[in-house]
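Trainee: So this note's numbering is basically just the index in the sequence shown, starting at one, shifted up by 374. First the structure, then my questions, so here it is.
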Amino acid sequence: IRGREALVARAEYVHHLVAGGTLEKTTQEARQLVTQIKRSAREVYSEARDYRTALDALEVAASIAPKDGDIQEMIGRCHARLNHWDDSDTAFTAALDIARQKRYDVGWILKNWGHIRARYDYYDRAEELFAEAEQEQIGVGLALRIAAHRQLGAQRDLGRLGVAGYRDVAVVTDARDGGQVGGRDRE
Numbered sequence: 375i376r377g378r379e380a381l382v383a384r385a386e387y388v389h390h391l392v393a394g395g396t397l398e399k400t401t402q403e404a405r406q407l408v409t410q411i412k413r414s415a416r417e418v419y420s421e422a423r424d425y426r427t428a429l430d431a432l433e434v435a436a437s438i439a440p441k442d443g444d445i446q447e448m449i450g451r452c453h454a455r456l457n458h459w460d461d462s463d464t465a466f467t468a469a470l471d472i473a474r475q476k477r478y479d480v481g482w483i484l485k486n487w488g489h490i491r492a493r494y495d496y497y498d499r500a501e502e503l504f505a506e507a508e509q510e511q512i513g514v515g516l517a518l519r520i521a522a523h524r525q526l527g528a529q530r531d532l533g534r535l536g537v538a539g540y541r542d543v544a545v546v547t548d549a550r551d552g553g554q555v556g557g558r559d560r561e
């Protein structure tokens, strides 16, 4: 067996090992096999443009690793290429749910979903997805800035208390922020 058939055969083999209890989903070997299936499915998708074969392999991989958002996102792309729009939306929604549960950035999923929609002239939906992606990324950016500000504030407070290694942080940040801490004047 070569090429596309080999991909699906390997994916089904791994699925049967897991279903039969021979291979646990959590083992390193199972994770490596799922990674290999994903890589092969990407190649079949992008190089051979055989979306049906890629989808078949990815669905088997999803049965082994149901909480893998990458697999769900790739399934969404395959369904879109096959004009299975409801299935595509279901898979992209699953990818978003998984990413949000794991507290991952979902902007890239929304962008990919938007790109595939735009490619097939669903411009209104694509614009909605791009706008949502932008809002998600703004939210992530704000969260990172808030976390950095909190860390800097904690370091500054340690410096003011005279803790070794933090004294310079207090002096530099006090000069830079004009005497304000967390948006309020210091007492």
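Just so it is clear, CB atoms sit at the ideal spot from N, CA and C, and this is done for glycine as well. Owing to the predicted nature of the structure, the values given are computational and were not obtained by experimental measurement.
Could you tell me how far apart the beta carbons of residue 483 and residue 447 are, in whole angstroms, since I believe they sit closer than 8 Å?
Mentor: Going by Cβ atoms, the distance from residue 483 to residue 447 rounds to 6 Å, so yes, they are a contact pair.
Trainee: What residue range does the alpha helix (DSSP H) around residue 418 cover?
Mentor: Neither: residue 418 is in no alpha helix (DSSP H) and is coded neither H nor E.
Trainee: By how many angstroms is the C-alpha of residue 436 removed from the C-alpha of residue 461?
Mentor: Those two C-alpha atoms are separated by around 14 Å.
Trainee: Per DSSP, what kind of secondary structure is residue 474 in: helix, strand or coil?
Mentor: Residue 474 falls in the helix class under three-state DSSP.
Trainee: In the structure shown, what three-state DSSP assignment does residue 574 receive?
Mentor: In the structure displayed, the chain extends from 375 to 561; residue 574 sits before or after that span and is not available.
Trainee: Quick check: the Cα distance between residue 395 and residue 467, rounded to an integer number of angstroms?
Mentor: So the alpha carbons of these two residues sit roughly 30 Å apart.
Trainee: When you compare only the Cα positions, how much space is there between residue 402 and residue 498?
Mentor: Taking the straight line joining both Cα atoms gives about 43 Å.
Trainee: Measure from the alpha carbon of residue 508 to the alpha carbon of each residue in 489, 414, 481 and 387, then state which is nearest.
Mentor: Residue 481 is the option with its Cα nearest to residue 508.
Trainee: According to the neighbour-count rule (16 or more other Cβ atoms, all chains shown, within 10 Å of its Cβ), is residue 510 buried or exposed?
Mentor: Classification for residue 510: buried.
Trainee: Here's the rule I'm using: 16 or more other beta-carbon atoms within 10 Å means buried, otherwise exposed. How should residue 495 be labelled?
Mentor: Counting Cβ neighbours within 10 Å, residue 495 comes out exposed, since fewer than 16 surround it.
Trainee: Alpha carbon to alpha carbon, how far is residue 383 from residue 440?
Mentor: C-alpha separation (whole angstroms): 19 Å.
Trainee: In whole angstroms, what is the alpha-carbon distance linking residue 455 and residue 474?
Mentor: For residue 455 and residue 474, the distance between alpha carbons rounds to 25 Å.
Trainee: In chain order, what residues of the same chain have a beta carbon less than 6 Å from the beta carbon of residue 452, not counting five sequence neighbours either side?
Mentor: Excluding residues within five positions, the ones whose Cβ falls inside 6 Å are 425, 428 and 429.
Trainee: Output the distance between the C-alpha atoms of residue 442 and residue 458, rounded to the nearest integer angstrom.
Mentor: In a straight line, the C-alpha of residue 442 is about 21 Å away from that of residue 458.
Trainee: So, helix, strand or coil for residue 434, using DSSP?
Mentor: Of the three classes helix, strand and coil, the one that applies to residue 434 here is helix, per DSSP.
Trainee: Would you report the Cα separation of residue 433 and residue 386, rounded to the nearest angstrom?
Mentor: Taking the straight line joining both Cα atoms gives about 10 Å.
Trainee: Contact check, residue 408 vs residue 438 under 8 Å by CB: the rounded distance?
Mentor: Indeed they touch by this definition, with Cβ atoms about 6 Å apart.
Trainee: Give me the Cβ distance between residue 404 and residue 415, rounded to the nearest whole Å; I'm assuming they're in contact under 8 Å.
Mentor: So it is not a contact: roughly 16 Å between Cβ atoms.
Trainee: May I ask you to report which of helix, strand or coil DSSP gives residue 380?
Mentor: Of the three classes helix, strand and coil, the one that applies to residue 380 here is helix, per DSSP.
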